[in-house]
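Here's the structure we're looking at; comments come further down.
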Amino acid sequence: MCKPKEVSQSADINLGNGSSVIYKKKFIQPHLASENGDIFRQLMSETPFEQKDLVVFAKKVKQPRLVAYYATDIERGSFTYSGLRNIPSHFTPLVEQLKNSVQEYVKEEFDSVLLNYYRDGSDTVGWHADNEKLYGDEPTIASLSFGAARDFILRKNDNNNDKYKFTLGPGDLLVMKGKVQQQWQHTVPRRSPAQSIGPRINLTFRRIVHPESQPMSSKQPRQSPQQPRELPRQPPPQAASPTAQASAPPFLPSATEPVSSPTENLARTSVQLLLDPHEWRQKIEQQEQSMLGEQAALLRQAEAVQQAEQHDQQQQQHQH
29 MCKPKEVSQS ADINLGNGSS VIYKKKFIQP HLASENGDIF RQLMSETPFE QKDLVVFAKK
89 VKQPRLVAYY ATDIERGSFT YSGLRNIPSH FTPLVEQLKN SVQEYVKEEF DSVLLNYYRD
149 GSDTVGWHAD NEKLYGDEPT IASLSFGAAR DFILRKNDNN NDKYKFTLGP GDLLVMKGKV
209 QQQWQHTVPR RSPAQSIGPR INLTFRRIVH PESQPMSSKQ PRQSPQQPRE LPRQPPPQAA
269 SPTAQASAPP FLPSATEPVS SPTENLARTS VQLLLDPHEW RQKIEQQEQS MLGEQAALLR
329 QAEAVQQAEQ HDQQQQQHQH
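Per our numbering: the sequence shown = residues 29 to 348.
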């Protein structure tokens with residue numbers, strides 16, 4: 029079996045037949061995106077990661093990573109993969125700002141993001157394609173990495189010897205475009221020794237084209253998990269203080285890498301700085317109030333349905 033072609037520098041790669049990849053090293057400054065960086069630490073402290081159960085040959089096994097999912101419109105943003113249904117939460121201000129930065133660079137809009145947390149080298153994702161119907165036939169998927177470097181390998185569906193390997197380090201951006209999800213698969217393989225590999229968080233930004241199901245408001249309200257999420261194998265980095273979170277520094281592309289194209293120049297000048305502390309706290313408070321209002325409305329709706337069912341049961345009992 030042929031070794032994959034290793035890509036070690038920023039590049040635009042034409043994979044042929046309408047498939048292409050953009051690889052931008054150090055899109056986020058590494059000192060902010062590393063395991064001890066402010067952005068990684070804040071993602072660890074604020075993200076509701078959970079480990080889901082997979083059914084493999086009629087047996088339940090733990091998914092070998094933790095995940096979270098955000099969408100701009102939580103009424104239409106749910107999606108299912110490997111038999112697992114993901115119900116979205118609201119974007120946090122930090123992830124919203126990261127999304128805006130990637131949008132400026134890629135020149136496309138995104139409205140959802142899957143966040144993956146790899147605790148150490150034994151956490152992995154197997155060969156697959158992000159070809160879910162709700163993202164359309166030719167989705168653009170932008171992957172932004174934080175924390176430990178991990179290998180990301182692409183292979184062609186009809187020729188497994190045709191492979192590309194990227195070692196995605198902290199702050200690296202990889203964008204899959206065109207027919208990649210139709211013609212190629214990708215994986216993040218295990219690395220050993222597992223405990224020597226630090227934690228990694230990966231954000232994959234997407235745009236919903238065909239919503240998967242009816243609005244969530246027509247269903248029962250989402251309940252909080254009854255079981256606590258499994259703790260990371262390694263202790264997560266110490267969470268930043270509220271003041272540090274509120275005044276997180278800007279995440280402009282690194283100045284250590286020369287910028288040679290108009291697109292990169294535009295991305296460098298147009299990326300927004302994070303909100304100042306007062307605006308940051310104000311946005312968080314507004315978001316929390318909005319979420320509480322939605323949860324209260326859904327609970328009232330569920331109570332009304334329950335009361336109606338009880339009334340119907342009482343009428344049936346009287347008739348008998």
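The beta-carbon is built from N, C-alpha and C at its ideal position, and this holds for glycine as well.
Within its chain, find whatever has a CB closer than 6 Å to the CB of residue i; leave out the 5 residues flanking it on each side and keep chain order.
| i | result |
| --- | --- |
| glutamate 136 | Thr168 |
| leucine 71 | Ile229 |
| cysteine 30 | Asn189 |
| valine 203 | Ile50, Val134 and Ala170 |
| isoleucine 41 | Val49 |
| threonine 232 | Leu142, Ile169 and Ser171 |
| threonine 100 | Asp139 |
| glutamate 292 | Caution is warranted here: a pLDDT of 41 is assigned to glutamate 292, below 50, making its placement in the model unreliable, and no coordinate value can be reported. |
| lysine 53 | Ser38 and Asp200 |
Which whole-angstrom value describes the C-beta separation of residue i and residue j, a residue pair presumed to lie in contact below a C-beta threshold of 8 Å?
| i | j | result |
| --- | --- | --- |
| glycine 197 | alanine 177 | 4 Å |
| lysine 184 | tryptophan 212 | 6 Å |
| valine 95 | phenylalanine 77 | 7 Å |
| serine 157 | glutamine 125 | Here residue 157 turns out to be alanine, not serine, going by the sequence shown. About 29 Å separates the two Cβ atoms, so there is no contact after all. |
| valine 84 | lysine 193 | Valine 84 to lysine 193, Cβ: 27 Å. No contact. |
| threonine 216 | valine 153 | It is valine, not threonine, that sits at residue 216 in the sequence shown. About 5 Å; that satisfies the 8 Å criterion. |
Can you find the residues in the same chain that come closer than 8 Å, C-beta to C-beta, to residue i, ignoring five residues on each side of it along the sequence?
| i | result |
| --- | --- |
| lysine 88 | Asp81 and Leu82 |
Over the uninterrupted alpha helix (DSSP H) stretch that includes residue i, give me the two end residues.
| i | result |
| --- | --- |
| aspartate 66 | 66-74 |
| histidine 59 | 58-61 |
| valine 89 | From DSSP, valine 89 is part of no alpha helix (DSSP H) but of the beta strand (DSSP E) over 87-90. |
| valine 208 | 208-211 |
Among residues of its own chain, excluding the 5 on either side of residue i, which ones have a beta-carbon nearer than 7 Å to its beta-carbon?
| i | result |
| --- | --- |
| arginine 113 | Ser106 |
Provide the residue span of the beta strand (DSSP E) that contains residue i, from first to last.
| i | result |
| --- | --- |
| glutamate 11 | Since the first residue shown for the chain is 29 and the last is 348, residue 11 is missing from the structure and cannot be characterised. |
| valine 141 | 140-146 |
| alanine 39 | 39-44 |
| valine 95 | 94-99 |
| arginine 178 | 178-184 |
| tyrosine 163 | Note, tyrosine 163: premise wrong, no beta strand (DSSP E); not H, not E. |
| glutamate 34 | 33-35 |
| serine 48 | 47-52 |
| lysine 191 | 187-196 |
Whose C-alpha, out of the options, is nearest the C-alpha of residue i?
| i | options | result |
| --- | --- | --- |
| proline 92 | Lys205, Gly175 and Asp151 | Asp151 |
| glycine 164 | His238, Thr232 and Arg219 | His238 |
| serine 47 | Lys207, Ile102 and Leu60 | Lys207 |
| aspartate 200 | Gln57, Ile102, Ala99 and Asn45 | Gln57 |
| phenylalanine 55 | Gly44, Leu43 and Gln37 | Gln37 |
Please classify residue i as buried or exposed, where buried requires at least 16 neighbouring CB atoms within 10 angstroms.
| i | result |
| --- | --- |
| asparagine 187 | exposed |
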